[in-house]
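A.B. asks:
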Amino acid sequence: MTERFNQKPYIIGIAGNSGSGKTYFLNCFLKHFNPGEASFISLDNYYIPANTKTKEENKLYNFDLPSAFNKDSFYNDIKSLIEGRTVTKEEYTFNNPLLKSKTLEIKPAPILIIEGLFIFHYNEINTLIDHRIFMYTDEKTALKRRLKRDFIERGYNEEEVLYKWNNHVIPAYHKYLLPFKESCNQVIDNNIENEEDIDIISKEISTYLRQAFF
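So the sequence shown is numbered by the numbering used here: it starts at 14 and just counts up by one.
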């Protein structure tokens, strides 16, 4: 373990379309590691703040573009973790007034997991990744999950979700993420609501990594 901290961490990049089940997979994946073995950083916390916009402006604003994120800050924090420095970051709450933002403390570890819609599109970040995982779900299933999540967690109604889905989410997915699917090391098909299968896959990957590095 000590020798491993003197080396560049093994970096896993996880991306997938909205509603592909990335969050559930990540939760399953991380639980198979002991404290200090793996660290996690998400692009979701690097949105450029839009909390000064009105509700109607938020509805029209496109959060599904590479320019909606502070890419440079995300990249610099990844580099800090690679160099062994702890990162503190304010959690992004998607402008939901019912959610209280937390301060996240992200510590360096031998395995670094980075997640986000555009991590393969951002070339300087993509080149840092050692193993790329693509979470895939058909668009009908993904929309069903998105409707449920955005209503419960982010306070959007169905009309708002459908507007963003058709005008922002799907065009961005086809332009900035789907082209990378075939070049990823692993594609996880998550079309069915079978949490046990996802847990098995996450355990298989984490077991291999733990054997390789610990």
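The beta carbon of each residue, even a glycine, is placed where N, CA and C say it ideally should be. Note that this is a predicted model, so its numbers are computed, not measured.
1) Identify whether residue 142 lies in helix, strand or coil by the three-state DSSP scheme.
2) Are the segment 19–28 and the segment 124–141 touching by the rule of at least three beta carbon pairs closer than 8 Å?
3) Flag this pair as yes or no: are the beta carbons of residue 34 and residue 211 separated by less than 8 Å?
4) Closer than 8 Å by C-beta to residue 18: which residues in its own chain qualify, once you throw out the five before and the five after it? Chain order, please.
5) By Cβ distance below 8 Å, which residues in the same chain neighbour residue 58 in space, the five residues on each side in sequence not counted?
6) With a CB to CB cut of under 6 Å and the five nearest residues on each side skipped, what residues in its chain are close to residue 14?
7) Starting from the C-beta of residue 146, find all residues in its chain whose C-beta is less than 6 Å away, skip the five residues before and the five after it, and write them out in chain order.
8) Of the choices 52, 148 and 195, whose alpha-carbon is the least far from that of residue 94?
9) Could you tell me the distance, in whole angstroms, from the CA atom of residue 115 to the CA atom of residue 128?
10) Kindly indicate which three-state DSSP category residue 46 falls into: helix, strand or coil?
11) Would you list the residues sitting across from residue 102 in a DSSP beta bridge?
12) Can you tell which of 41, 32 and 22 has the C-alpha that lies nearest to the C-alpha of residue 215?
13) DSSP three-state label for residue 125, please.
14) Can you tell me which of 46, 218 and 131 puts its alpha carbon nearest to the alpha carbon of residue 31?
15) Quick one: what does DSSP say residue 193 is sitting in, helix, strand or coil?
16) Let me know the secondary structure DSSP gives residue 52 once reduced to three states.
17) Would you tell me roughly how many angstroms separate the C-alpha atoms of residue 45 and residue 91, rounded to the nearest one?
18) Alpha carbons only, please: which of 203, 37, 193 and 160 is nearest the one belonging to residue 133?
19) Pick out whichever of 163, 126 and 177 has its Cα sitting closest to the Cα of residue 218.
C.D. replies: Taking the coordinates as given:
1) One-based indexing of the sequence shown puts residue 142 at position 129. Coil at residue 142, not helix or strand.
2) yes
3) Here residue 34 refers to the residue found at position 21 when the sequence shown is read from its first residue. Here residue 211 refers to the residue found at position 198 when the sequence shown is read from its first residue. Yes, the Cβ-Cβ distance between residue 34 and residue 211 is below 8 Å.
4) Counting from 1 along the sequence shown, the entry for residue 18 is found at position 5. Caution applies to residue 18, whose pLDDT of 49 falls short of 50 and renders its modelled position unreliable; the model cannot decide the point.
5) Stepping through the sequence shown from its first residue, residue 58 is reached at position 45. Excluding positions up to five away in sequence, the list reads 102, 103, 104, 105 and 117.
6) Numbered from 1 along the sequence shown, position 1 holds the residue referred to as residue 14. Its pLDDT being 40, under 50, residue 14 is placed unreliably by the model, and the measurement read from it follows with that caveat. Hits under 6 Å: none found.
7) By one-based count along the sequence shown, residue 146 stands at place 133. Only 27 and 199 meet the Cβ criterion.
8) Translated into the one-based positions of the sequence shown, residue 94 becomes position 81. That would be 52, whose Cα lies nearest to the Cα of residue 94.
9) The count along the sequence shown starts at 1 and reaches residue 115 at position 102. The count along the sequence shown starts at 1 and reaches residue 128 at position 115. Taking the straight line joining both Cα atoms gives about 19 Å.
10) The sequence position of residue 46 within the sequence shown is 33, counting from 1. Note: residue 46 maps to coil in three-state DSSP.
11) Looking up residue 102 in the sequence shown gives position 89. Residue 102 is bridged to 117.
12) Here residue 215 is taken as the residue at index 202 of the sequence shown, counted from 1. Of the candidates 41, 32 and 22, the one whose C-alpha sits nearest the C-alpha of residue 215 is 41.
13) Residue mapping note: residue 125 aligns to position 112 of the sequence shown, counting from 1. The answer is strand: DSSP assigns residue 125 an E or B state.
14) Translated into the one-based positions of the sequence shown, residue 31 becomes position 18. Residue 131 is the option with its Cα nearest to residue 31.
15) Along the sequence shown, one-based indexing puts residue 193 at 180. Looking at residue 193 - three-state DSSP - the assignment turns out to be helix.
16) Sequence index remark: in the sequence shown, residue 52 carries index 39 (1-based). Residue 52 falls in the strand class under three-state DSSP.
17) The count along the sequence shown starts at 1 and reaches residue 45 at position 32. The count along the sequence shown starts at 1 and reaches residue 91 at position 78. Roughly 22 Å between the two C-alpha positions.
18) Locating residue 133 in the sequence shown gives position 120, where the first residue counts as 1. Of the candidates 203, 37, 193 and 160, the one whose C-alpha sits nearest the C-alpha of residue 133 is 193.
19) Here residue 218 refers to the residue found at position 205 of the sequence shown. Ranking 163, 126 and 177 by Cα distance to residue 218 puts 126 first.
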